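I have placed the structure first, in the form of structure tokens, so that the comments after it can refer back to it.
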Amino acid sequence: AQSVTQLDSHVSVSEGTPVLLRCNYSSSYSPSLFWYVQHPNKGLQLLLKYTSAATLVKGINGFEAEFKKSETSFHLTKPSAHMSDAAEYFCVVSEGADDYKLSFGAGTTVTVRA
Amino acid sequence: DTAVSQTPKYLVTQMGNDKSIKCEQNLGHDTMYWYKQDSKKFLKIMFSYNNKELIINETVPNRFSPKSPDKAHLNLHINSLELGDSAVYFCASSRLGQSFNYGYTFGSGTRLTVV
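Chains A and B, in that order, give the protein sequences. Numbered continuously in my numbering, the first sequence closes out at residue 437. Numbered continuously in my numbering, the second sequence closes out at residue 116.
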């Protein structure tokens, strides 16, 4: 079985400061991990993915995430937040044994202060 | 544009009515999904079809019936709508065996409000 825990339901940062969104996962197999972003009243867009290649993954819009197997974590970071980063972020896990299904975390709401 | 498209974008209806949400993808994917996002933004899979065959059917009331006329379409029909059905419904697609590496492509969602 697989599951995802996003440790913060809400993160508030000032524009220009770093953003950290924390995600821990549990998986019986070697998982693939994703971060999706959902802007208000929009669909979900893939930010980045980890699929057992490099543990530091770069995504769109300056985001990156590091896969740490020993800590079962996949935290998302950005060095400098922009107002357009205000959105809902979902950490997602997929296991090779159950290829069809992605399991979503509960989401982290990011607000960016001017 | 290559995409997953859902219609309608918004749907407001009375309790007891029957309604459908349509989904189409032109990405050449062979697997399609319906997810429900509740008021707390939690996303939960409802159904998945691969080449018109049902492969995932989570614990969903029988009032929800997916229909896949071909592998590019997956529609969701809901009978006897209830207040608790109010949510955002997302359609998604992937290529069989590749969601592990590539994730899904999502539609923009249908916001269903039952009054």
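We put the CB at the ideal spot given by N, CA and C, even for glycine. Quick caveat, the model's predicted, so the values are computed rather than measured.
Identify the continuous beta strand (DSSP E) that holds PRO402(A) and give its terminal residues.
Counting from one through the first sequence, the residue named residue 402(A) turns up at place 79. Unbroken run through PRO402(A): none, as it is neither H nor E.
Tell me the DSSP bridge mates of ARG96(B)?
Taking the first residue of the second sequence as 1, we reach residue 96(B) at position 95. According to DSSP, ARG96(B) bridges with nothing at all.
What does LEU425(A) reach in chain B if we use C-beta pairs closer than 8 Å?
Stepping through the first sequence from its first residue, residue 425(A) is reached at position 102. Ordered by position in chain B, the residues that pass the 8 Å Cβ test against LEU425(A) are ILE46, SER100, GLY104 and TYR105.
Taking Cβ-Cβ distances shorter than 8 Å, what residues in chain B pair up with GLU411(A)?
Along the first sequence, read from residue 1 onward, the residue named residue 411(A) stands at position 88. Within 8 Å Cβ-Cβ: LYS42.
Of the residues ASP71(B), THR114(B), ARG112(B) and LEU82(B), which one's Cα is nearest the Cα of THR32(B)?
Here residue 32(B) refers to the residue found at position 31 of the second sequence. For the residues ASP71(B), THR114(B), ARG112(B) and LEU82(B), the minimum Cα distance to THR32(B) belongs to ASP71(B).
Hey, would you say HIS333(A) sits closer than 8 Å to THR400(A), going by beta carbons?
Translated into the one-based positions of the first sequence, residue 333(A) becomes position 10. Translated into the one-based positions of the first sequence, residue 400(A) becomes position 77. No, the pair does not count as a contact, with Cβ atoms beyond the cut-off.
Residue nearest to ILE57(B) in terms of C-alpha spacing, selected from LEU77(B), TRP35(B), HIS78(B) and LYS42(B)
In the second sequence, the residue the question calls residue 57(B) occupies position 56. It is TRP35(B).
DSSP on LEU55(B), reduced to helix/strand/coil?
Numbered from 1 along the second sequence, position 54 holds the residue referred to as residue 55(B). LEU55(B): strand per DSSP, three-state reduction.
Backbone secondary structure at ASP39(B) - three-state DSSP:
Sequence index remark: in the second sequence, residue 39(B) carries index 38 (1-based). ASP39(B) falls in the coil class under three-state DSSP.
Going along the chain, which residues of the region 352–371 of chain A sit with their C-beta nearer than 7 Å to a C-beta in chain B?
SER355, PHE357, LYS365, GLY366, LEU367 and LEU369
If you follow the beta strand (DSSP E) that SER335(A) is in, where does it begin and where does it stop?
Counting from 1 along the first sequence, the entry for residue 335(A) is found at position 12. That run of the beta strand (DSSP E) goes 333–337.
ALA429(A) touches chain B at which residues, Cβ-Cβ below 8 Å?
Here residue 429(A) refers to the residue found at position 106 when the first sequence is read from its first residue. By Cβ distance, chain B contributes LYS41, LYS42 and PHE43.
How big is the Cα-Cα spacing for PHE390(A) and GLY428(A)?
As a first step, residue 390(A) is located in the first sequence; it is residue number 67 there, counting from the start. As a first step, residue 428(A) is located in the first sequence; it is residue number 105 there, counting from the start. Looking at the two C-alpha atoms, the distance is approximately 16 Å.
Spatial neighbours of HIS74(B) within its chain, please: C-beta separation below 6 Å, excluding the five flanking residues on both sides.
Numbered from 1 along the second sequence, position 73 holds the residue referred to as residue 74(B). For HIS74(B), where only same-chain residues beyond five positions count, the Cβ hits under 6 Å are GLU25.
Integer-rounded CB distance, given that GLU338(A) should sit under 8 Å from VAL415(A)
On the first sequence, residue 415(A) is found 92 positions in, with the first residue counted as 1. On the first sequence, residue 338(A) is found 15 positions in, with the first residue counted as 1. With 8 Å as the limit, VAL415(A) and GLU338(A) do not qualify as a contact, their Cβ atoms being about 27 Å apart.
Run through DSSP, which three-state label would ASP71(B) get?
As a working mapping, residue 71(B) is identified with position 70 in the second sequence. Three-state DSSP puts ASP71(B) in a strand.
Chain A partners of PHE91(B), CB-CB under 9 Å?
By one-based count along the second sequence, residue 91(B) stands at place 90. Those are GLY366 and LEU367, listed as they occur along chain A.
Give the secondary structure of TYR103(B) by DSSP, where H, G and I count as helix, E and B as strand, and everything else as coil.
Within the second sequence, the letter at position 102 stands for residue 103(B). The answer is helix: DSSP assigns TYR103(B) an H, G or I state.
The beta strand (DSSP E) enclosing LYS391(A), as first and last residue numbers:
The count along the first sequence starts at 1 and reaches residue 391(A) at position 68. Unbroken beta strand (DSSP E) run through LYS391(A): 387–391.
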